[in-house]
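J.: Going down the list, the protein sequences come from chains B and H. Each number in my numbering comes from the position in the first sequence (counting from 1) with 607 added on. Each number in my numbering comes from the position in the second sequence (counting from 1) with 8 added on. Using N, Cα and C, we set each Cβ at its ideal position, and we do this for glycine too. Every value quoted in this text rests on a predicted model; they were computed, and no experiment measured them. Got a structure here, written out as structure tokens. Questions coming.
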Amino acid sequence: MADYSAEGKTPEVLFWVGCAGSFDARAQKVTKAFVKILNAAKVDFAILGNEESCTGDPARRAGNEFVFQMTALQNIEMLNMYKVKDIVTACPHCFNTLKNEYPALGGNYNVTHHTQYMNDLLKAGRLTIEGGEFKGKKITYHDSCYLGRVNGIYEAPRELIAALDGELVEMKRCKTNGLCCGAGGAQMFKEDEPGDKRINIERTEEILATGASIVAANCPFCITMLSDGMKAKEKQDDVMVHDLSELIVQAKGL
Amino acid sequence: MSIGQIIFTLVVVVAFSIAAKNYKKVYRNIRLGKDEDISGDEGKRWKNVLLIAFGQKKMFKRWIPAVLHLAIYVAFLFTQIELIEIFIDGFFGVHRFFAPFLGGLYTLIIGSIEVLSFLALIATVAFLSRRNLLKIPRFVKPEMGGWPKLDANLILFGELALVTGIFMMNGADVVLQQLDPAHYPSTGFLPISNIIGPMFFGDLGLNGLQFIERTGWWLHLITVLVFINYLPISKHLHIFLAFPNVWYSKLTSRGEMENMPDIMNEVKSMMGLIPEQEMDPNADFPEFGAKDIFGLSWKNIMDSYACTECGRCTDVCPANITGKKLSPRKVLMDIRDRATEIGNNLDTGAIKFLSEEGRAANEKLTADNYDDGKSLFDYISREEIHACTACNACVEACPVTINPLEPILKMRRYEVLTESAGPSDWLPMFTSIENSGAVWQVPDDRDKWAKDMSEEGNDS
């Protein structure tokens, strides 16, 4: 972004990578897959690099408003300095906080989740998805809470699965009733309270009940939780947990 | 004025006076919460009230209980017309005041009420057996023992009494219309009473019939008056509060947690974005979040009184499903019970509920100097609020748009901001965001992946 700014240019969109997308080995693969798609669609995008900070979602939901305000206000200062208007992100938590919580702090942007963005590219004809790779394969889709129930985005990701030619098999709890992976509300960063089982195991069992060989997800934390669930059930070789961008990259052979 | 009229008037006046006092208490308890301005976009609010409260839209996510509940609800609404007539008849000592005026329309109205009452009877029996025989998981959770269970059954028995009253009075009336048409104006053919009336009461003489008719009439009326007085101490208050509760429900995105302007401005002034805040050196450290119901908003407390303990929230809560202690319904019930406890204590005016400062200053007990040494944390444990994934499933599930997530997050705010407590696992995350701008402490650059990617690209 600094380079664009120095040259006096404005990118089409700012790709907000997020902490997981930047540092988590598994989520980095999603970041790279999405970048490949942006490149294939010839999208002129920028990243913030080290100028990006955590949006503050987990701190805020853990109750730490001070830490949230500190990181959020820094981000807003910087985004406003670069006069950023359009943001795309592959993390539904970043998406929600940027879209719904930054306005009250003085940050107003047009924020899109990457599943919406890819679907828009597809509809605009800038991105093509060649079928074949997933033809006849059973794919189930895990609605993340902050994309689905919180922001009401259920169709864009499903349209992408349709474009992949996969056979979408819904879980018993989907869309508004989708079951959390167990990571939200800053649970990702702490041990569970005592209980009968972990939430990701409950969700994994539901995935296995569909008989799908692929789980399409849209959130780095869901991917971690569901992959852990598959490992716990020793199904990691039978059921693949992927972000939608990764499936598109596979289909396109990028 | 006849003896009947005098008794009727006395009973009604006494019942309404006691009830008014108790409704005022509920209102006062709700107002113990913080002020929160909830207004604007009345079009959207009317739409919500019509669809969600009147239309019961969210109930229909589970259609079997929705249909049963709808039968009782519609019967309740329509029976109000008959209730108006009961009041007119009672005050003026007349019988079936509307019947001669309305003619065929009267038959239609009372006939509809009968059909609806019959459906409500079936639904009530179904609800009773569902609660007591089928042991549906959401009705046998730990918070549902004791009073909540009894409360639910009492309401259903009350409904049985209401319907029984209607059929006794209409059934006997139909037979009386044949025997004494001068005093009993024709109601036309009533679909239930014209069958059960002659069947059950056909053999009775004039006196017996009059006794059954009056007993049914008084049974219905007394049950209504008992209900009106019972509602303020019962979960059944939802029949009134569902409507304002839906009206006042949040219209902004679910994804937005309430901003804390005090902290925002403090941080802004630290960052030099706004002039330094004037700090009163003598001021106490402010209390953030909610330690007790005083730290919640009035809407959070209204939510708790609007809750009818159906447990749809708990049924979809990922923490509860996997055996954690958290139950969104219990959180709401605890808030209500705590608000009620504080309200009742305030009514005593006892010095033992005064804070030390209040005692020192010889003040009268008010909500502002209240301190009974307890807090909401004595009702809702930390283990419960820590288990929440903020997934909003409970918010989505509630048929009357209660938000159980808000108070949970407000209690977390109290714990972390005011007490500097909370799960120790979270500390590294907080420090890491504060120091390095990432949720994890990582030595790499934030765009290392991009460099890796271009290297990978060069390799291929």
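Note down, in chain order, each residue of its chain lying with its Cβ closer than 7 Å to the Cβ of Leu-91/H, except the 5 sequence neighbours on either side.
T.: Same-chain partners within the cutoff: Val-232.
J.: May I ask you to report which of helix, strand or coil DSSP gives Phe-68/H?
T.: Of the three classes helix, strand and coil, the one that applies to Phe-68/H here is helix, per DSSP.
J.: Of the choices Lys-745/B, Pro-665/B, Asn-717/B and Glu-813/B, whose alpha-carbon is the least far from that of Arg-420/H?
T.: Out of Lys-745/B, Pro-665/B, Asn-717/B and Glu-813/B, Pro-665/B has the C-alpha closest to the C-alpha of Arg-420/H.
J.: List, from N- to C-terminal side, the beta strand (DSSP E) runs of 3 residues or more that fit wholly inside the region 337-381 of chain H.
T.: DSSP runs (the beta strand (DSSP E)) wholly in the region 337-381 of chain H: none.
J.: Helix, strand or coil for Tyr-192/H per DSSP?
T.: Tyr-192/H: coil per DSSP, three-state reduction.
J.: Along the region 791-813 of chain B, where does the CB come closer than 9 Å to a CB of chain H? Name the residues.
T.: Flagged, chain order: Gly-791, Gly-792, Ala-793, Gln-794, Met-795, Phe-796, Lys-797, Glu-798, Asp-799, Glu-800, Pro-801, Gly-802, Asp-803, Lys-804, Arg-805, Ile-806, Ile-808, Glu-809 and Arg-810.
J.: DSSP state of Tyr-716/B, grouped into three classes?
T.: Residue state, collapsed to three classes: coil.
J.: Within the same chain, show all residues whose beta-carbon is closer than 7 Å to that of Gly-319/H, passing over the 5 residues directly before and after it, in chain order.
T.: Answer for Gly-319/H: Arg-146, Phe-147, Lys-149 and Arg-337, listed in chain order.
J.: So which residues of chain H does Lys-639/B contact, with C-beta pairs closer than 7 Å?
T.: Chain H residues near Lys-639/B: Trp-457 and Met-461.
J.: Please list, in chain order, all residues of the same chain as Lys-782/B whose beta carbon is under 7 Å from its beta carbon, the five residues on each side excluded.
T.: So the qualifying residues of the chain are Asp-750, Gly-755 and Tyr-761.
J.: How about the region 244-255 of chain H and the region 50-63 of chain H: do they share at least three Cβ pairs that are nearer than 8 Å?
T.: Touching, per the Cβ criterion.
J.: At which residue ranges does the region 146-201 of chain H contain complete alpha helix (DSSP H) runs of 4 or more residues, listed in the order of the chain?
T.: Correct list: 155-187.
J.: When you compare each of Gly-663/B, Lys-742/B, Asp-727/B and Val-718/B to Asn-758/B by their alpha carbons, which one comes out closest?
T.: Per the Cα distances, Val-718/B.
J.: Distance, Cα to Cα, Asn-703/B vs Ser-261/H?
T.: Each residue's Cα considered, the two are about 9 Å apart.
J.: Under a three-way DSSP split, which group does Tyr-748/B fall into?
T.: DSSP places Tyr-748/B in strand when its eight states are reduced to three.
J.: Our contact map puts Leu-734/B next to Gly-714/B with C-beta atoms below 8 Å; I'd like the distance itself, whole angstroms only.
T.: With 8 Å as the limit, Leu-734/B and Gly-714/B do not qualify as a contact, their Cβ atoms being about 28 Å apart.
J.: Are the beta-carbon atoms belonging to Tyr-238/H and Leu-162/H less than 9 Å from one another?
T.: Yes, the pair counts as a contact, with Cβ atoms nearer than the cut-off.
J.: Using a C-beta cutoff of 9 Å, does Asn-466/H count as contacting chain B?
T.: Confidence in Asn-466/H is poor, its pLDDT being 49 and thus under 50, which makes the residue's placement too unreliable to answer from.
J.: What is the rounded straight-line gap between the Cα of Gly-351/H and the Cα of Lys-32/H?
T.: Their Cα atoms are separated by approximately 11 Å.
J.: Under a Cβ-count criterion, where at least 16 other Cβ atoms within 10 Å of its own Cβ denotes burial, should Phe-641/B be classed as buried or exposed?
T.: Counting Cβ neighbours within 10 Å, Phe-641/B comes out buried, since at least 16 surround it.
J.: Report the neighbours of Gln-635/B on chain H: residues whose CB is nearer than 7 Å to its CB, in chain order.
T.: The answer, in chain order, is Trp-457.
J.: From the DSSP output, read off the bridge partner residues of Lys-42/H.
T.: In the DSSP output, where bridge partners are listed per residue, Lys-42/H has Ser-305/H.
J.: Return the first residue and the last residue of the beta strand (DSSP E) that Leu-621/B is part of.
T.: It spans 620-623 - the beta strand (DSSP E) in which Leu-621/B sits, taken as one unbroken run.
J.: May I ask you to verify whether the region 305-317 of chain H touches the region 328-345 of chain H, counting CB pairs closer than 8 Å and requiring at least 3?
T.: With the cut-off at 8 Å, the region 305-317 of chain H and the region 328-345 of chain H touch.
J.: Taking all protein chains shown into account, decide if Trp-54/H is buried (16 or more other Cβ within 10 angstroms of its Cβ) or exposed.
T.: Trp-54/H comes out exposed.
J.: Throw me the rounded Cβ distance for the Ala-669/B and Trp-434/H pair, which I believe falls under 8 Å.
T.: That pair is a contact at about 5 Å.
J.: With a cut-off of 9 Å, does the C-beta of Thr-783/B fall near any C-beta of chain H?
T.: Chain H contact via Cβ: present.
J.: Use the C-beta contact count for His-394/H: other C-beta atoms within 10 angstroms, 16 or more gives buried, fewer gives exposed.
T.: It counts as buried.
J.: Under the assumption that Leu-217/H contacts Leu-164/H (Cβ atoms under 8 Å), give the Cβ distance between them as a whole number of angstroms.
T.: The Cβ separation is near 29 Å, so there is no contact.
J.: Quick check on this structure: which residue in Cys-701/B, Ala-769/B, Cys-829/B and Ala-613/B has the alpha carbon closest to the alpha carbon of Phe-622/B?
T.: For the residues Cys-701/B, Ala-769/B, Cys-829/B and Ala-613/B, the minimum Cα distance to Phe-622/B belongs to Cys-701/B.
J.: Determine the DSSP secondary structure at Val-822/B, reduced to helix, strand or coil.
T.: Strand.
J.: Which residues in the same chain have their Cβ closer than 7 Å to the Cβ of Trp-424/H, if we skip the five residues on either side of it in sequence?
T.: Before going on, a small fix: residue 424/H reads as Val here, not Trp. Counting only Cβ-Cβ distances below 7 Å, and skipping sequence neighbours, we find Gly-430.
J.: Taking just the CA atoms, how far does Met-272/H sit from Gln-676/B?
T.: Going from the Cα of Gln-676/B to the Cα of Met-272/H covers about 6 Å.
J.: Using CA atoms only, rank isn't needed, just tell me which of Gly-615/B, Val-822/B and Cys-661/B is closest to Ser-629/B.
T.: The option with the nearest alpha carbon to Ser-629/B is Cys-661/B.
J.: For Val-329/H, return the contacting residues in chain B, with the cut-off set at a CB-CB distance below 7 Å.
T.: The sequence shown places Ile at residue 329/H, rather than the Val named in the question. Ordered by position in chain B, the residues that pass the 7 Å Cβ test against Ile-329/H are Glu-809.
J.: How far does the beta strand (DSSP E) with His-849/B in it reach, from first residue to last?
T.: 847-850 is the span of the beta strand (DSSP E), which, as asked, contains His-849/B.
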